[in-house]
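Novice: Going by the working numbering, the sequence shown opens with residue 2, and the numbers climb by one from there. We treat Cβ as the ideally placed atom computed from N, Cα and C, and that holds for glycine.
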Amino acid sequence: EAMNKDHMSFIVSVERKGDLGTINDAGDTMNSAMPVEIKRYEKNYLGENDDLDIFSFQAKATDIYQFGVIPNSKASGPIDLRIYNEFKEALFSGSSAVDSGIKSTDIKILEDGNYYVEVNYESENAVEYSLIIKKKAVEEPAPSTAQPAEVPAPVEGQ
Numbered sequence: 002e003a004m005n006k007d008h009m010s011f012i013v014s015v016e017r018k019g020d021l022g023t024i025n026d027a028g029d030t031m032n033s034a035m036p037v038e039i040k041r042y043e044k045n046y047l048g049e050n051d052d053l054d055i056f057s058f059q060a061k062a063t064d065i066y067q068f069g070v071i072p073n074s075k076a077s078g079p080i081d082l083r084i085y086n087e088f089k090e091a092l093f094s095g096s097s098a099v100d101s102g103i104k105s106t107d108i109k110i111l112e113d114g115n116y117y118v119e120v121n122y123e124s125e126n127a128v129e130y131s132l133i134i135k136k137k138a139v140e141e142p143a144p145s146t147a148q149p150a151e152v153p154a155p156v157e158g159q
């Protein structure tokens with residue numbers, strides 16, 4: 002009970018560069034991956050002793066996703082983006098040009114399960130980046146039993 006709240010605030014103020022806007026680092030293994038949702042995460046860091054961030058998400062069959070990484074500070078090397086399933090089968094793999102972003106192709110999910118987004122950057126300087134996760138609308142085929150819409154006939158004399 003001796004420590005009051007003001008006393009604690011000094012400990013927390015140590016600068017730590019984590020991911021997803023937190024002080025925690027996205028892990029570099031599937032087991033330590035940080036869960037993400039469909040949105041834009043502005044504050045993520047790679048560089049110095051941390052060259053790999055892995056994020057995890059759950060997806061359902063037929064969902065279509067697109068992923069992107071945009072450097073918010075100067076990147077002195079390419080940023081690699083990989084998307085894969087729990088069997089480590091790559092659904093997308095690509096590298097950005099130096100100091101440029103990268104986005105995946107549209108990725109159609111074939112089966113329900115856990116999927117992973119891997120961002121890799123190996124360079125002397127650290128880079129802050131945004132991670133963008135978009136879910137695209139699945140185009141439903143029109144049912145073949147669709148009736149043509151009934152257009153009301155114009156009524157004469159009104």
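Decide yes or no for the touch test of the region 103-110 against the region 32-50: beta carbon pairs closer than 8 Å, at least 3 of them.
Specialist: These segments do not touch.
Novice: Short check: CB of THR63 to CB of ILE110, under 8 Å?
Specialist: It is a contact, given that the beta carbons lie within the stated cut-off.
Novice: Reducing DSSP to helix, strand and coil, say where ASP54 ends up.
Specialist: Three-state DSSP puts ASP54 in a strand.
Novice: My guess is that ALA98 and PRO72 are in contact by the Cβ rule of under 8 Å, so how many angstroms apart are they, rounded?
Specialist: Contact flag wrong, Cβ pair sits at about 11 Å.
Novice: Relative to the C-alpha of GLU112, which candidate in ASP100, TYR130, LEU92, SER124 has its C-alpha closest?
Specialist: For the residues ASP100, TYR130, LEU92, SER124, the minimum Cα distance to GLU112 belongs to LEU92.
Novice: Does the Cβ of GLY60 have 16 or more other Cβ atoms within 10 Å, making it buried, or fewer, making it exposed?
Specialist: It should be pointed out that residue 60 corresponds to Ala in this sequence rather than to Gly. So ALA60 counts as buried.
Novice: If you draw a straight line from the C-alpha of SER77 to the C-alpha of GLY48, how long is it?
Specialist: Cα to Cα, the separation comes out at about 10 Å.
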